[in-house]
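In this note's numbering, the protein residues as written are 1 to 707.
Okay, so here's the structure we're looking at.
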Amino acid sequence: MLSITSRVSFLTFHLITRLKPQLITAITARMCSPPLPLNAPPPNQRVVCSGDNHGRITYRTPLLSHLLLLLLCMPWGNAHVDGTAQITVRVLSLMYSTNWNINYINAMNAGFNASLAAQNWTAGYGVDVKVIRPPTYTVLPTKYLKTYLDENSEDTSLLVVLGPLGESDTVEAYETLEENDLVGFAPITASSRLLSYRPNLYFLRPERTAELIALIHYAQTHLRVLRLGFMYMDGVNNGNEHYQQAAGFMARMGYRFHGVFAVATGDGSEVDDDEFDAAWELFAEENPQAVIMMAVIKTVTKKFITSLVSDPRTSEAVLLAPALLQTSITDAWVDALEAANVSFVPHRVVQTGTNPLAVDTTYDAIKRFQVEMKNYLTSYGGWSGFNDTEHFKNDDTDGEFMVSGWIAGKVLSQALRSHGWLSDRNIFLESLYEQRRYLVDDLVIGDFGGECSDTAIEAGAVCSCNRGGKKVYMKELVEDLRLKPLVAGFRVSDPQQCLSDPSILQPPLSGLTVTLGDRRELARAAAEFSAGASAVASDGHAGDMNRLFLQDVVSSIENGYADLEDVKNKKVVTAVFGIVTEAMLDIEGPVFIDPITPTPHLNVFSEDVIHLSPTLEQQFYVLANYLANLRPGHVRSITRGSQSPGINAVLRKTLITFDINLSSVATLTYDDPIEAHLPQSGSVFVVGLVAADIVPIERHLCENTNL
1 MLSITSRVSF
11 LTFHLITRLK
21 PQLITAITAR
31 MCSPPLPLNA
41 PPPNQRVVCS
51 GDNHGRITYR
61 TPLLSHLLLL
71 LLCMPWGNAH
81 VDGTAQITVR
91 VLSLMYSTNW
101 NINYINAMNA
111 GFNASLAAQN
121 WTAGYGVDVK
131 VIRPPTYTVL
141 PTKYLKTYLD
151 ENSEDTSLLV
161 VLGPLGESDT
171 VEAYETLEEN
181 DLVGFAPITA
191 SSRLLSYRPN
201 LYFLRPERTA
211 ELIALIHYAQ
221 THLRVLRLGF
231 MYMDGVNNGN
241 EHYQQAAGFM
251 ARMGYRFHGV
261 FAVATGDGSE
271 VDDDEFDAAW
281 ELFAEENPQA
291 VIMMAVIKTV
301 TKKFITSLVS
311 DPRTSEAVLL
321 APALLQTSIT
331 DAWVDALEAA
341 NVSFVPHRVV
351 QTGTNPLAVD
361 TTYDAIKRFQ
371 VEMKNYLTSY
381 GGWSGFNDTE
391 HFKNDDTDGE
401 FMVSGWIAGK
411 VLSQALRSHG
421 WLSDRNIFLE
431 SLYEQRRYLV
441 DDLVIGDFGG
451 ECSDTAIEAG
461 AVCSCNRGGK
471 KVYMKELVED
481 LRLKPLVAGF
491 RVSDPQQCLS
501 DPSILQPPLS
511 GLTVTLGDRR
521 ELARAAAEFS
531 AGASAVASDG
541 HAGDMNRLFL
551 QDVVSSIENG
561 YADLEDVKNK
571 KVVTAVFGIV
581 TEAMLDIEGP
591 VFIDPITPTP
601 HLNVFSEDVI
611 HLSPTLEQQF
621 YVLANYLANL
631 RPGHVRSITR
641 GSQSPGINAV
651 LRKTLITFDI
661 NLSSVATLTY
671 DDPIEAHLPQ
681 SGSVFVVGLV
691 AADIVPIERH
701 LCENTNL
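In structure tokens form, the structure reads like this:
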């Protein structure tokens, strides 16, 4: 039988083998490494208090303590109990560029580091992540990559590249990535030269075409501008290609651009004044109400924005811009306003984004990001380049880039969780395209898929796809020069498609409802009508492919015609729904769908009017048929409105159809009281009720039961 000491030794050893590696490391670090205080007992003894020696301290050296210390201080190597080796994955950061703002570079890297720091620099059980940073941002990324590979050629651990950043660096680095079976993880570039399937680049964001589609969609469905312009620089950042794309997208919907600004410049830094002025005149003379600017912010771009805000023909135009402008759109806009001595007006700048803003806590992922980012900046603020622990809340642009880096860290962590894929670069690269989709709380990245057959595609597989971004986010510049999220984020492709799909751009049905605020009953009716119509209209959320968009116009009986004309001259109005005045029906252009006027009117055929509810004539017919079955006595009518004579004539003819005579008619104005005209018996048609009629009619019916 085992002795007590043997049993305890066995249990102790069994317990030690079940400890997690991190806990063993912590115990051995405390027990084997630190020096002891000067007054401490010898390391091979322990302090005990014995009752039989009256509190005297003695030192004993039990065998079990020797065994425990020996077991803990033995080298354990990198193996786990299940035989899985501890793996260290190197991440070489190329997330920098000599052409980019240093704050943006720091923000992206800080976000990435915060994501990993929150996981104690691990990607999961048994996988450590070591981030390797360049010694300086002045060395070219491609050169740094080649130098690092040469100097560490014997290191067999898995190497992943973070980035690259920017078009030129990404294009130049691709050959090196491909030759060394490396993957550039979460590169950031707007280049159209990299649209084809390139497995050594693992994009987490949609391509620039997706942003272009989203901007056109926003301009046509939410801004509803009649005249949309376009700005690009020929020969810079694929400007001409983007314009040709955009013109094609507009043509698909039956639209065209009103005002195109284009100048040929080598790098976008300078252009001849005469050439600029000539291009500007051609652009401004078409009075664009909004303009899509597909160009990075450089000297020419800044001059264009200054002209945009200062020229009376374009001063009220909305600027629509993509992400990745290399400089803050807010700073460029404010500089232009100051140069032109123009006051700031909110909601005049709209920009796309490929991830949510750092303050958009409608996403659970952003709530977690804020906690992890603040913890990181609190611990590593000086090193990260940001001293404010809530910098991501106070600087919208930096915060957005921090979110981008943070998402990259979370996705990379998920990609590194399986040991079986981390032993070899080729195996890891192949694993990234095993129909991968990543979920970061409520943000979805993917799907990624490698080469596969047509049969697999028909069965639903995603093939030859190295882009995981499917959604473009929208934001606008508001008060206090802050960027505010717009609800109109836009999903630009089907989950089973890799690149954005321009066929989702369809001409919208831009509808209006009119609230006539000076008549309470009409305002209430308009609110009820709008509530019902809005239930089936688009709410602007991403993925909503509904083409019906509704906006409300507040007006009055007197000003309704002029207000609707004014809106029609400024915005696209396809249809008007619900409450309208009779005068509004004469406006040419929009289609009036199920119009309801304050006073009844007869139907006159018009190709611009569609009745869904029964017309007045149809209602007369149904009521006359009902009365014929009751054999009524005298039938009278009380009408209001400019069409009273015609209405009475139609009513008389309808009643005659059923052998009923109209005994008498009364025509009232809007303010005339009705009670004196109500008969005491028989039947009466009241056409054109107003709110003041309700109580008198109710009282009269109670008093005259034969009516």
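Don't be surprised by glycine CBs; every beta carbon is placed ideally from N, CA and C.
Note that the coordinates shown come from a computational prediction; the quantities given were computed from them, not determined experimentally.
- If you draw a straight line from the Cα of Val127 to the Cα of Thr156, it is about 15 angstroms long.
- Restricting attention to Glu285, Tyr197, Asn287 and Phe304, the CA atom closest to the CA of Met293 is found in Phe304.
- In terms of CA proximity to Val89, Val183 leads the group Val183, Thr170 and Glu476.
- Glu476 sits in a strand when the DSSP states are folded into three classes.
- Between the C-alpha atoms of Val271 and Ala284 there is a straight-line separation of about 18 angstroms.
- Each residue's CA atom was taken as its position, placing Ala190 and Glu167 some 7 angstroms apart.
- Of all C-beta pairs linking the stretch 578-592 to the stretch 522-533, three or more are shorter than 8 angstroms, placing the two stretches in contact.
- When C-alpha distances from Leu357 are compared across Thr170, Ser493 and Lys484, the shortest belongs to Lys484.
- In the three-state scheme derived from DSSP, where H, G and I count as helix and E and B as strand, Tyr137 is classed as coil.
- In the DSSP annotation of this structure, the continuous segment of the alpha helix (DSSP H) that includes Val300 starts and ends at Thr299 to Ser310.
- Note that the C-beta distance between Thr265 and Pro508 is not below 8 angstroms.
- The DSSP-derived three-state label of Val160 is strand.
- Here Ala290 is bridged, per DSSP, to Leu228 and Val318.
- In chain order, Ile587 place their CB closer than 8 angstroms to the CB of Glu565, counting only its own chain and leaving out the 5 sequence neighbours on each side.
- Judged by DSSP secondary structure, Thr122 falls within the beta strand (DSSP E) whose first and last residues are Thr122 to Gly124.
- Leu627 sits close to Ile660, with the two beta carbons spaced by under 8 angstroms.
- Excluding residues up to 5 positions away in sequence, Leu165, Gly166 and Gln326 lie with their Cβ nearer than 8 angstroms to the Cβ of Trp100 in the same chain.
- Taking the Cα of Val309 as reference, the smallest distance to any Cα among Ala295, Ala290 and Ala279 is reached at Ala290.
- DSSP lists Phe592 as the beta-bridge partner residues of Val609.
- A distance below 8 angstroms between beta-carbons, with the five flanking residues on each side excluded, links His700 to the following residues of its chain, in chain order: Glu675, Leu678 and Leu707.
- The shortest CA-to-CA distance from Gly353 to any of Val687, Ala214 and Asn569 is the one to Ala214.
- Under the DSSP definition of a beta bridge, Ser637 partners with Val665 and Phe685.
- DSSP links Ala264 through a beta bridge to Asp234.
- Per DSSP, the continuous alpha helix (DSSP H) segment holding Asp398 begins and ends at Asp396 to Ala415.
- For the pair Leu162 and Ala186, the CB atoms are nearer than the 8 angstroms cut-off.
- Taking each of Val591, Val650 and Tyr96 in turn and checking the Cα distance to Ala624, the smallest one comes out for Val650.
- Under the three-state reduction of DSSP, Gln119 is assigned to coil, being neither helix nor strand.
- A residue is called buried once 16 or more other Cβ atoms fall within 10 Å of its Cβ, and Thr306 is buried on that count.
- Nearest in C-alpha terms to Glu400, of all of Ile427, Gly381 and Phe369, is Phe369.
- Residue state for Thr515 is assigned as strand, using DSSP reduced to three classes.
- For Ile188, there is no enclosing alpha helix (DSSP H), as DSSP marks it with neither H nor E.
- Here Arg631 is exposed, its C-beta having fewer than 16 other C-beta atoms within 10 Å.
- Per DSSP, the unbroken beta strand (DSSP E) holding Tyr438 starts and ends at Arg436 to Val440.
- A distance below 6 angstroms between beta-carbons, with the five flanking residues on each side excluded, links Met584 to the following residues of its chain, in chain order: Gly560, Tyr561 and Leu564.
- Taking the Cα positions, Arg227 is about 44 angstroms away from Glu175.
- Within the DSSP secondary-structure output, Gln619 pairs in no beta bridge.
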